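S.K.:
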Amino acid sequence: MSHSGTPNPHLSTFTCIRCGLVVSAAGPDAEPRSHCPNCLSGTHGRCRARTHPIAVAILRDGDWMLIQRCTGCDQLEAAPVAADDNQLLLIRIAVKPLAQPPFPLEHLAQLRVR
Ligand SMILES: [Zn+2]
Ligand SMILES: [Zn+2]
Numbered sequence: 001m002s003h004s005g006t007p008n009p010h011l012s013t014f015t016c017i018r019c020g021l022v023v024s025a026a027g028p029d030a031e032p033r034s035h036c037p038n039c040l041s042g043t044h045g046r047c048r049a050r051t052h053p054i055a056v057a058i059l060r061d062g063d064w065m066l067i068q069r070c071t072g073c074d075q076l077e078a079a080p081v082a083a084d085d086n087q088l089l090l091i092r093i094a095v096k097p098l099a100q101p102p103f104p105l106e107h108l109a110q111l112r113v114r
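Going letter by letter, the sequence shown gives residues 1 to 114 in full-length UniProt numbering.
1. Given a threshold of 16 other Cβ atoms within 10 Å of its Cβ, counted over all protein chains shown, does D85 qualify as buried or as exposed?
2. Are residue 117 and T51 closer than 8 Å when you measure CB to CB?
3. For S12, count neighbouring Cβ atoms within 10 angstroms of its own Cβ and tell me buried if that reaches 16, exposed if not.
4. Can you check DSSP and say which residues form a bridge with D76?
5. Between the Cα of A82 and the Cα atoms of I17, R112 and A25, which residue gives the shortest distance?
6. Determine whether the beta carbon atoms of I54 and Q75 lie at a separation below 8 Å.
7. What first and last residue would you give for the beta strand (DSSP E) that runs through V81?
8. DSSP three-state label for A99, please.
9. By the 10 Å Cβ neighbour count, where 16 or more other Cβ atoms means buried, how is P104 classified, buried or exposed?
10. Would the beta-carbon of G72 fall within 8 Å of that of A49?
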């Protein structure tokens with residue numbers, strides 16, 4: 001009887017359904033991963049559809065959360081950012097609203113602080 005029945009999370013892996021990367025199920029901080037560190041996509045536990053990263057939120061204590069939308073049921077999910085997540089992609093998601101403002105940026109030049 002050598003099998004304990006509990007798989008070691010450091011040894012189990014999953015294959016990203018978006019980019020095909022084989023990643024460990026546990027992140028560098030031993031937290032279970034909710035998304036691929038390369039493309040930041042994940043699998044929605046409830047419907048097994050792919051989740052797509054849409055935004056970054058910062059908690060009061062400074063921790064970054066990745067906001068993902070499920071492509072199957074449109075539900076939003078928040079997951080903590082892991083230490084080895086794709087930082088360039090995180091920044092691109094974070095600045096996206098600044099690149100697509102809902103008003104012309106030229107108007108900012110006409111604002112005066114009194
Ligand atoms: Zn991926
Ligand atoms: Zn879903």
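Ideal Cβ positions, reconstructed from N, Cα and C, are used throughout, including at glycine.
A quick note: this is a predicted structure, and the numbers were derived from the prediction, not measured.
M.R.: To lay it out plainly:
1. On the sequence shown, residue 85 is found 85 positions in, with the first residue counted as 1. With 16 or more other Cβ atoms within 10 Å, it is buried.
2. An answer regarding residue 117 cannot be provided, because it is not within the stretch 1 to 114 covered by the chain.
3. Counting from one through the sequence shown, the residue named residue 12 turns up at place 12. Exposed, by the Cβ-count rule.
4. Working through the sequence shown from its first residue, we reach residue 76 at position 76. The identity of residue 76 in the sequence shown is Leu, whereas the question assumes Asp. DSSP, once it has assigned bridges, lists R69 as partnering L76.
5. Position 82 of the sequence shown, counted from the start, is the residue given in the question as residue 82. Closest by alpha carbon: A25.
6. If you number the sequence shown from 1, residue 54 lands on position 54. If you number the sequence shown from 1, residue 75 lands on position 75. Going by C-beta atoms, I54 is not nearer than 8 Å to Q75.
7. Position 81 of the sequence shown, counting from 1, holds the residue named residue 81. Unbroken run through V81: none, as it is neither H nor E.
8. The sequence position of residue 99 within the sequence shown is 99, counting from 1. Of the three classes helix, strand and coil, the one that applies to A99 here is helix, per DSSP.
9. The residue labelled residue 104 in the question sits at position 104 within the sequence shown. Exposed, because fewer than 16 other Cβ atoms sit within 10 Å of the Cβ of P104.
10. Numbered from 1 along the sequence shown, position 72 holds the residue referred to as residue 72. Numbered from 1 along the sequence shown, position 49 holds the residue referred to as residue 49. Going by C-beta atoms, G72 is nearer than 8 Å to A49.
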